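Accompanying notes for the structure given below.
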Amino acid sequence: KAGVTQTPRYLIKTRGQQVTLSCSPISGHRSVSWYQQTPGQGLQFLFEYFSETQRNKGNFPGRFSGRQFSNSRSEMNVSTLELGDSALYLCASRLDSASGEQFFGPGTRLTVL
Amino acid sequence: GNSVTQMEGPVTLSEEAFLTINCTYTATGYPSLFWYVQYPGEGLQLLLKATKADDKGSNKGFEATYRKETTSFHLEKGSVQVSDSAVYFCALSDTPGAQKLVFGQGTRLTINP
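Which chain is which? The protein sequence lines are X and Y, in order. For the first sequence, the working numbering gives the first residue as 1, with consecutive numbering after it. For the second sequence, the working numbering gives the first residue as 1, with consecutive numbering after it.
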């Protein structure tokens, strides 16, 4: 069974631009979460989606948004990029929203210049 | 709010040495506790978990015991190998079954042959 896949793996953008990252969960998994990993702040929860609905949200500005499609694939979008948005963005999936192990993807490395 | 504090790294050991990585937490209620491992260029992998006080999680020779009285979940391994070199994250989930994880800062472990 294929694992969680994230595309692209690497991305370079400039300040002010916007970016969309994609996550395909493990087949059959319906819950997807996103995390931001930076050297300074560590791993921080962004949001969680289940059945196309946002279930939980972390403390990030409104520039960070996401959505989930009917096939459980998820995208996150960051608008008006800032230098501080440079990070590894990790996606995790699990079977449902109430239990089970989270499986993480390899991440998308975003660099903002 | 909920938080996790991990032993500062980096930690460097020789092969076959005994490993301890300290982790303490602050949380209301009864969180579930986790150790994740991140190998270079990869996402996070669940190493072990414990869901209630006095539970011991174990996997691949690693162990950690949920100590409510000391709010700790220290990771131990009796004899480390070069292949254990990675970054280790302690995490908690404050709502049963919740997808949202609160992570410690991570501890980079290097094992020398």
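Virtual Cβ for every residue (Gly too), placed ideally from N, Cα, C. Bear in mind the structure is a predicted one, so any value in this text is a computation, not a measurement.
Per DSSP, residue i is paired with what?
| i | result |
| --- | --- |
| Met76(X) | Leu21(X) and Gly66(X) |
| Val11(Y) | Leu109(Y) |
| Gln54(X) | Tyr49(X) |
| Gly57(Y) | Ala64(Y) |
| Tyr35(X) | Phe45(X) and Leu90(X) |
| Gln6(Y) | Cys23(Y) |
| Ser72(Y) | Thr24(Y) and Arg67(Y) |
| Tyr36(Y) | Leu46(Y) and Phe89(Y) |
| Val102(Y) | Leu92(Y) |
| Phe104(X) | Ala92(X) |
Hey, quick one: how far does the beta strand (DSSP E) through residue i stretch, first residue to last?
| i | result |
| --- | --- |
| Phe89(Y) | Ala86 to Ser93 |
| Lys49(Y) | Leu44 to Ala50 |
| Ser26(X) | As written in the sequence, residue 26(X) is Ile, which differs from the Ser given in the question. Here Ile26(X) belongs to no beta strand (DSSP E), and DSSP marks it neither H nor E. |
| Glu76(Y) | Leu75 to Lys77 |
| Thr108(X) | Thr108 to Val112 |
| Tyr30(Y) | Per DSSP, Tyr30(Y) belongs to no beta strand (DSSP E) and is neither H nor E. |
| Tyr10(X) | Tyr10 to Lys13 |
| Gln6(X) | Thr5 to Thr7 |
Among the options, whose alpha-carbon lies nearest the alpha-carbon of residue i?
| i | options | result |
| --- | --- | --- |
| Tyr89(X) | Ser51(X), Thr38(X) and Gln54(X) | Thr38(X) |
| Pro106(X) | Gln18(X), Ser22(X) and Gln17(X) | Ser22(X) |
| Ile111(Y) | Glu15(Y), Met7(Y) and Glu8(Y) | Glu15(Y) |
| Thr107(Y) | Leu48(Y), Cys90(Y), Ser79(Y) and Val80(Y) | Cys90(Y) |
| Gly78(Y) | Leu48(Y), Asp54(Y), Thr24(Y) and Phe62(Y) | Phe62(Y) |
| Pro25(X) | Asp85(X), Thr108(X), Ser74(X) and Leu46(X) | Ser74(X) |
| Asp85(X) | Gln68(X), Leu46(X) and Thr53(X) | Leu46(X) |
| Arg63(X) | Leu43(X), Glu82(X) and Ser33(X) | Glu82(X) |
| Thr20(Y) | Gly29(Y), Gly104(Y), Ser93(Y) and Glu76(Y) | Glu76(Y) |
| Thr111(X) | Gln6(X), Val19(X) and Ala2(X) | Val19(X) |
| Val4(Y) | Leu33(Y), Gly29(Y), Pro10(Y) and Pro40(Y) | Leu33(Y) |
| Arg9(X) | Gln44(X), Thr80(X), Gln54(X) and Cys91(X) | Cys91(X) |
Taking residue i and residue j to be in contact with their CB atoms under 8 Å, please state how far apart those CB atoms are, rounded to whole angstroms.
| i | j | result |
| --- | --- | --- |
| Ala64(Y) | Ala50(Y) | 7 Å |
| Gln99(Y) | Ser31(X) | 6 Å |
| Ala86(Y) | Val37(Y) | 5 Å |
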